[in-house]
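Participant:
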Amino acid sequence: MSFGARLAAAMERHGPLCVGVDPHVSLLTQWGLPDTPDGLAAFSDTVVTAAAGSAAAIKPNAAFYERHGSRGIAVLERLLADARDADLLTVMDAKRGDIGSTMAGYADAFLRPGSPLEADSLTVSPYLGFGSLKPALDLAAQTGKGIFVLALTSNPEGHEVQHARTASGEAVAAAVVRQASALNEGATPMGNVGLVVGATVGSAVSDLGIGLDGLNGPILAPGVGAQGAGPDELAQVFGNSRSRVLVNQSRGVLAEGPSLERLRAAVHEASDAAQAALEG
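Residue numbering for the sequence shown follows the numbering used here, beginning at 171 and increasing consecutively.
1. Take Phe213 as the anchor and find which of Pro186, Glu182, Leu246 and Cys188 has the nearest alpha-carbon.
2. For Lys388, which option in Pro286, Gly364 and Asp263 has the closest C-alpha, if you only look at C-alpha atoms?
3. Assuming Val331 and Ile317 form a contact by the criterion Cβ under 8 angstroms, report the distance between their Cβ atoms to the nearest whole angstrom.
4. Using a Cβ-Cβ cutoff of less than 7 angstroms, which residues in the same chain neighbour Val236 once the five nearest sequence positions on both sides are dropped?
5. Just reading off the beta strand (DSSP E) that Lys229 is part of, what are its end residues?
6. Should the stretch 310-330 be regarded as contacting the stretch 358-378, the criterion being three or more beta carbon pairs within less than 8 angstroms?
7. Look at Leu258 and Ala222 and say whether their C-beta atoms are less than 7 angstroms apart.
8. Could you give the first and the last residue of the continuous alpha helix (DSSP H) run that contains Ala279?
9. Roughly how many angstroms lie between the CA atoms of Ala345 and Ser338, to the nearest whole one?
10. Following the continuous beta strand (DSSP E) through Phe318, name the residue where it begins and the one where it ends.
11. Check the DSSP bridge columns for Asp263 and list the partner residues they point to.
12. Looking at Leu404 and Leu448, is the spacing between their C-beta atoms short of 7 angstroms?
13. Please say whether Val217 and Val191 have beta carbons closer to each other than 7 angstroms?
14. Within 10 angstroms of its Cβ, does Ala178 collect 16 or more other Cβ (buried), or is it exposed?
15. When the Cα of Gln200 is compared with those of Pro428, Ala334 and Thr219, which residue comes out closest?
16. To the nearest angstrom, how far is it from the Cα of Thr370 to the Cα of Val407?
17. So, with DSSP's three-state summary, where would you put Thr370?
18. Kindly examine the ligand ZN and report whether one of its heavy atoms sits closer than 6 angstroms to the Cβ of Leu448.
19. Give the C-beta separation of Val342 and Ala334 to the nearest angstrom, bearing in mind that I take them to be a contact with Cβ-Cβ under 8 angstroms.
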């Protein structure tokens with residue numbers, strides 16, 4: 171099955187929640203874990219166990235593993251393998267973006283079946299030009315993997331590039347959405363090329379003339395819960411596309427660790443809340 175089909179099935183079974191796996195120092199400390207590869211491993215094992223069978227996907231943030239060097243990367247490799255064994259989809263949050271053979275190398279690292287860092291999908295940055303993503307898009311298409319392209323991000327600086335107008339007058343983010351949408355034409359139940367659109371971007375989608383309804387692919391939405399977005403914000407930003415929104419939450423869920431029971435309950439609660447917010 172393609173990534174779009176697998177994600178649609180997972181969201182149907184478990185709801186629209188994606189648990190962000192962000193083992194930053196303060197969270198490890200809060201869990202009573204050391205800021206070491208062993209601490210990362212304990213954290214990662216607990217999150218995978220709590221999310222499996224309860225969330226549609228998890229989103230490990232590569233940076234928090236890379237900062238520990240080779241031993242941290244080894245933990246990330248194990249997390250991805252454990253999630254695969256648990257039938258839990260993974261969104262590798264690496265935001266890779268480069269050109270030519272370098273982009274092909276990133277794609278090979280995260281999207282090639284059998285790679286030590288194989289994930290089900292990868293976040294990528296199109297701001298070296300959408301065409302620079304071709305090696306990753308091609309490999310994802312060949313292997314049934316997913317791509318989440320940064321479109322409208324929730325950070326306050328994002329508008330400097332994403333809201334800018336091209337020579338034709340089209341907003342940069344609108345051009346990204348248009349090109350991603352073209353790659354999903356005809357796919358059922360939805361395509362493999364998704365977008366990252368922050369739930370806190372307010373009226374930017376309508377202001378910039380962005381047509382999310384034509385994407386026919388998943389939308390990864392940070393900003394719900396601890397960052398303030400609720401039903402009103404989701405309705406404003408995503409409109410009729412809410413059924414394809416994968417809601418990412420990290421802090422609001424992970425704060426309930428290290429207790430596996432409390433963390434599992436938090437995943438269930440967050441998934442129910444995300445579903446209710448999208449339907450609200």
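Quick reminder that beta carbons are idealized off the backbone N, C-alpha and C, glycines included.
Please read all numbers here as calculations on a predicted model, not as lab measurements.
Facilitator: Answer, in terms of the structure:
1. Residue 213 sits at position 43 when you count from the first residue of the sequence shown. Nearest C-alpha to Phe213: Leu246.
2. For the purposes of this step, residue 388 is identified with residue 218 of the sequence shown, where counting begins at 1. Checking the displayed sequence, the identity of residue 388 turns out to be Pro instead of Lys. For Pro388, the nearest C-alpha among the options comes from Gly364.
3. Residue mapping note: residue 331 aligns to position 161 of the sequence shown, counting from 1. Residue mapping note: residue 317 aligns to position 147 of the sequence shown, counting from 1. About 19 angstroms; that fails the 8 angstroms criterion.
4. Position 66 of the sequence shown, counting from 1, holds the residue named residue 236. Looking at the sequence itself, residue 236 is Glu, so the reference to Val does not match. Once the five neighbours on either side are set aside, the close Cβ partners of Glu236 are Gly242 and Ile243.
5. Indexing the sequence shown from 1 puts residue 229 at position 59. Here the beta strand (DSSP E) through Lys229 covers Ala227 to Pro230.
6. yes
7. Within the sequence shown, the letter at position 88 stands for residue 258. Within the sequence shown, the letter at position 52 stands for residue 222. Less than 7 angstroms separates the beta-carbon of Leu258 from that of Ala222.
8. Locating residue 279 in the sequence shown gives position 109, counting from the first residue. Ala279: member of the alpha helix (DSSP H) spanning Gly270 to Leu281, first to last residue.
9. Position 175 of the sequence shown, counting from 1, holds the residue named residue 345. Position 168 of the sequence shown, counting from 1, holds the residue named residue 338. Ala345 and Ser338: Cα-Cα distance of roughly 10 angstroms.
10. Position 148 of the sequence shown, counted from the first residue, corresponds to residue 318. Taken as a continuous stretch (DSSP letters only), the beta strand (DSSP E) holding Phe318 covers Gly316 to Leu322.
11. The residue labelled residue 263 in the question sits at position 93 within the sequence shown. The partner list for Asp263 (beta bridge, DSSP) reads Asn231.
12. Translated into positions along the sequence shown, residue 448 becomes position 278. Translated into positions along the sequence shown, residue 404 becomes position 234. A contact, by the Cβ cut-off of 7 angstroms.
13. On the sequence shown, position 21 is the one that residue 191 refers to. On the sequence shown, position 47 is the one that residue 217 refers to. The answer is yes: Cβ separation under 7 angstroms.
14. Working through the sequence shown from its first residue, we reach residue 178 at position 8. Buried, by the Cβ-count rule.
15. Position 30 of the sequence shown, counting from 1, holds the residue named residue 200. Ranking the options by Cα distance to Gln200, first place goes to Pro428.
16. By one-based count along the sequence shown, residue 370 stands at place 200. By one-based count along the sequence shown, residue 407 stands at place 237. Thr370 and Val407: Cα-Cα distance of roughly 8 angstroms.
17. In the sequence shown, counting from the first residue as 1, residue 370 sits at position 200. Looking at Thr370 - three-state DSSP - the assignment turns out to be coil, as it is neither helix nor strand.
18. Summarising the ligand content, the structure contains no ligands, and the ligand ZN is consequently not present.
19. As a first step, residue 342 is located in the sequence shown; it is residue number 172 there, counting from the start. As a first step, residue 334 is located in the sequence shown; it is residue number 164 there, counting from the start. Contact flag correct, Cβ pair sits at about 5 angstroms.
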